[in-house]
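Participant: Starting off with a structure, shown below.
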Amino acid sequence: MAGVTRKRTCLVYDDLMTRHLQGSTSGCEEAPKRLTAIYHHLEETGLIEQCLLVTSRDASREELAYVHSERYVALMHLEPAAFETEVESRKHRTRKVHPAPGRIPSDIWATLGTQPSILRAAGSLLNVVDTVLDDTALNGFAIIRPPGHHAHPDYPAGFCFANNVAIAAKHAVAQHGLKRVLIVDWDIHRGDGSQDAFYEDPRVCYISLHRGEFKFYPEGTEKFASSTGAGAGSGYNINIPWQQGGMTDGDYITAFLRLVMPVAYEFAPELVLVSCGFDAALGDPLGGCCVTEVGYGIMTRMLMTLAGGKVVLALEGGYKLEMISKCAGSVVRALLGHEPEINLVPLAPSLAGLMDIKSALDAQRSIPNSPWKSLKSYDGNSVDYDATFSTVQTPGNLPNKESVDSLVADLDSLSAK
Ligand SMILES: [Zn+2]
Numbered sequence: 001m002a003g004v005t006r007k008r009t010c011l012v013y014d015d016l017m018t019r020h021l022q023g024s025t026s027g028c029e030e031a032p033k034r035l036t037a038i039y040h041h042l043e044e045t046g047l048i049e050q051c052l053l054v055t056s057r058d059a060s061r062e063e064l065a066y067v068h069s070e071r072y073v074a075l076m077h078l079e080p081a082a083f084e085t086e087v088e089s090r091k092h093r094t095r096k097v098h099p100a101p102g103r104i105p106s107d108i109w110a111t112l113g114t115q116p117s118i119l120r121a122a123g124s125l126l127n128v129v130d131t132v133l134d135d136t137a138l139n140g141f142a143i144i145r146p147p148g149h150h151a152h153p154d155y156p157a158g159f160c161f162a163n164n165v166a167i168a169a170k171h172a173v174a175q176h177g178l179k180r181v182l183i184v185d186w187d188i189h190r191g192d193g194s195q196d197a198f199y200e201d202p203r204v205c206y207i208s209l210h211r212g213e214f215k216f217y218p219e220g221t222e223k224f225a226s227s228t229g230a231g232a233g234s235g236y237n238i239n240i241p242w243q244q245g246g247m248t249d250g251d252y253i254t255a256f257l258r259l260v261m262p263v264a265y266e267f268a269p270e271l272v273l274v275s276c277g278f279d280a281a282l283g284d285p286l287g288g289c290c291v292t293e294v295g296y297g298i299m300t301r302m303l304m305t306l307a308g309g310k311v312v313l314a315l316e317g318g319y320k321l322e323m324i325s326k327c328a329g330s331v332v333r334a335l336l337g338h339e340p341e342i343n344l345v346p347l348a349p350s351l352a353g354l355m356d357i358k359s360a361l362d363a364q365r366s367i368p369n370s371p372w373k374s375l376k377s378y379d380g381n382s383v384d385y386d387a388t389f390s391t392v393q394t395p396g397n398l399p400n401k402e403s404v405d406s407l408v409a410d411l412d413s414l415s416a417k
């Protein structure tokens, strides 16, 4: 990066990534205008000119192979027209969560612009990571699509083709020699591809906050709090699954204070990567939650206290254009070190949210030889989470009355036994 002016925050964006369409030009939420809306908002608010714009580039075969199988990498490196034909011909006719080997889920579409966008998204994020790890910028934000965190080693899924953030984490380890990379995934959907990529790897700690109901995409039990990693990676996979929609800034910030940040400080990452979906945001058509731009800004600022401030956010989901633009503006303002927005959003957690956070804590605390001493009480004299949680009063911002009523009824029946 010789000759490049050093700035605090770097960004990457490339119009090429708007050429990928999920199926027809209309109807799918994962649309090109997500990128242009964010970019134009950052331009109009004067944030772009405060950032270092990083050159975009394609990911190489070797870089895709950090995460993806030889067969799938070969598919992603076909010419665009051949790629489109192959993807469409290998698709399952019926919806399957895990396709047969070599097949592709039915909710994936490819057009002529898809293959170039895949390579450009993954490679451009690597340029942001390199810019930060080379100390040319302190932190960065990659405005990229298609998103990545559902992409599995052998197949695309859930609008995702190459697992951009997982590739970036492996790149940081392989090319920069990092020993500890933290991924925080606040997209409302569990990053199943990312979880799988690092499930037995203690070098990459993966923390995901997501909707945890069985039927919520991606279906299955792997998104439960009990999925805590395996082998050497035991404890390094942390799921915080919400059991309902409606989660607020207060729920997310409480999860950060109680679980994400204590673990993150102990882990002491050398780089923080954020799978930055904005589909937990208020009004998102898929997420059903209520996080505001203020909440995203606060979470970003908390993560900036880690890794000497080396934080890189990569866009994942988020489908309400006006909201994702505002949220992107808020996280870029945070990265630039601007003062936080002031408003009166309630920051108290809901009772249901607290119970979900407690479940995640309990899952981690039950791991034999858990790496996280901060989550354990020692000698009975430290924090007693059970007592702390049971004394929290129900605040006014409950996600929905029915789910809380049934939770309270469950608790009542348990205590009556
Ligand atoms: Zn999502």
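Position 191, counted from 1, in the sequence shown is what UniProt numbering calls 191; the numbers after and before it change by one each time, with no gaps. Where a beta carbon is used, it is the ideal one built from N, C-alpha and C, also for glycine. Since this is a predicted model, take the numbers as computed values, not measurements.
Would you kindly work out how many angstroms separate the C-alpha atoms of T248 and G318, rounded to a whole number?
Facilitator: Near 16 Å, if we compare the C-alpha coordinates of G318 and T248.
Participant: Compute the beta-carbon to beta-carbon distance between V332 and F141, rounded to the nearest angstrom, for a pair I have assumed lies under 8 Å.
Facilitator: 6 Å
Participant: For a test of the three-state rule: what should DSSP assign to K215, helix, strand or coil?
Facilitator: coil
Participant: Run the CB neighbour count on V54, radius 10 Å, all protein chains shown included, and call it buried at 16 or more, exposed below.
Facilitator: buried
Participant: With DSSP as the reference, label F224 as helix, strand or coil.
Facilitator: coil
Participant: Fully enclosed by the segment 261-346, which beta strand (DSSP E) runs are 3 residues long or longer?
Facilitator: 271-276, 311-315
Participant: Indicate the three-state DSSP secondary structure (helix, strand or coil) for K358 in the structure shown.
Facilitator: helix
Participant: Does the beta-carbon of E316, which I'm using as the reference point, lie nearer than 8 Å to any heavy atom of ligand 1?
Facilitator: yes
Participant: Does the separation of the CB atoms of V294 and I207 fall below 9 Å?
Facilitator: No Cβ-Cβ contact shorter than 9 Å links V294 with I207.
Participant: Is DSSP giving S208 helix, strand or coil here?
Facilitator: strand
Participant: Between which two residues does the alpha helix (DSSP H) containing D249 stretch?
Facilitator: 249-255
Participant: What is the C-beta distance between N127 and G309, in whole angstroms, given that I count them as a contact (C-beta under 8 Å)?
Facilitator: Actually they do not touch by this definition, with Cβ atoms about 19 Å apart.
Participant: Over what stretch of residues does the beta strand (DSSP E) that includes A137 continue unbroken?
Facilitator: 137-142 is the extent of the beta strand (DSSP E) around A137.
Participant: Drop a sphere of 10 angstroms on the beta-carbon of T131, count the other beta-carbons inside from all chains shown, and report buried for 16 or more, exposed for fewer.
Facilitator: buried
Participant: Taking 8 Å as the line, does the beta carbon of I188 fall inside it for any heavy atom of ligand 1?
Facilitator: Yes.
Participant: Please work out which residues of its chain come closer than 6 Å, Cβ to Cβ, to V73, disregarding the five sequence neighbours upstream and downstream, and give them in chain order.
Facilitator: R61, L64, A65
Participant: Is the segment 176-184 in contact with the segment 323-340, if contact means three or more CB pairs nearer than 8 Å?
Facilitator: no
Participant: How far does the beta strand (DSSP E) with R6 in it reach, from first residue to last?
Facilitator: Neither: R6 is in no beta strand (DSSP E) and is coded neither H nor E.
Participant: How big is the Cα-Cα spacing for D379 and G250?
Facilitator: Caution is warranted here: a pLDDT of 40 is assigned to D379, below 50, making its placement in the model unreliable, and the coordinate value is therefore given only provisionally. Distance between the alpha carbons of D379 and G250 is about 31 Å.
Participant: Straight-line CA distance for H41 to L16?
Facilitator: 18 Å
Participant: Just mark R190 as buried or exposed, buried being the case when its beta carbon has 16 or more other beta carbons within 10 Å.
Facilitator: It is buried - the Cβ of R190 has at least 16 other Cβ atoms within 10 Å.
Participant: Which residues bound the beta strand (DSSP E) around L182?
Facilitator: Counted as a single uninterrupted DSSP element, the beta strand (DSSP E) harbouring L182 occupies residues 181-185.
Participant: Please name the residue, chosen from S325, I324, L35, that lies closest to I143 on a Cα-to-Cα basis.
Facilitator: The residue with the shortest Cα to Cα distance from I143 is L35.
Participant: So does the segment 298-314 actually touch the segment 221-234, counting three or more Cβ pairs closer than 8 Å?
Facilitator: no
Participant: To the nearest angstrom, report how far apart D58 and A122 are at their CA atoms.
Facilitator: When only Cα atoms are considered, D58 and A122 end up about 7 Å apart.
Participant: State yes or no: is the C-beta of G233 within less than 9 Å of the C-beta of Y199?
Facilitator: yes
Participant: Which residues in the same chain as L336 place their Cβ atom closer than 8 Å to its Cβ, once the five residues preceding and following it in sequence are excluded?
Facilitator: Around L336: R8, T9, L47, Q50, C51.
Participant: Would you mind reading off the limits of the alpha helix (DSSP H) that contains P101?
Facilitator: Run containing P101: none; DSSP gives neither H nor E here.
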